[in-house]
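According to the UniProt record's numbering, the sequence shown holds residues 1 to 108 in order. Even glycine gets a Cβ: it sits at the ideal position worked out from N, Cα and C. Please read all numbers here as calculations on a predicted model, not as lab measurements.
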Amino acid sequence: MATHKRSDHNGVHERPYRRNRKRILATQSVCAICGKPVDMTLKSPHPMSATVDHIIPVSKGGHPSAMDNLQLAHWICNRLKSNKLLDYTQQQQAAGSSIKLSCDWKNF
């Protein structure tokens, strides 16, 4: 039985991904999905532990190791997002924001 390895965990993208993952974990402190602080002392698989999320999932054509496609997220937020694309409004809803937009600015 063949096993499939993720493109960010092997091949030419493995080293750049690991390097950029370290940068994200060292420089960011807020979950990009829910907007709440990430406790860096928590270890996986704790739901609120830190993980790095692909903004555009690799399965949807996102680059596996590019810095501009990586963001800090809670483990649970990343799991719930799965391989979906979240726009700004969805991220605000995930964060429980009570700020209402005057119109759908993504289509403006």
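Contact between H74 and V38 holds, since their C-beta atoms are separated by about 6 Å, short of 8 Å. Within the model, the alpha-carbon separation for L80 versus P47 is close to 11 Å.
Scanning K60, S44, R23 for the CA closest to the CA of Q71 turns up R23. Within the DSSP secondary-structure output, A73 pairs in a beta bridge with T51. With 16 or more other Cβ atoms inside 10 Å of its own Cβ, A50 counts as buried.
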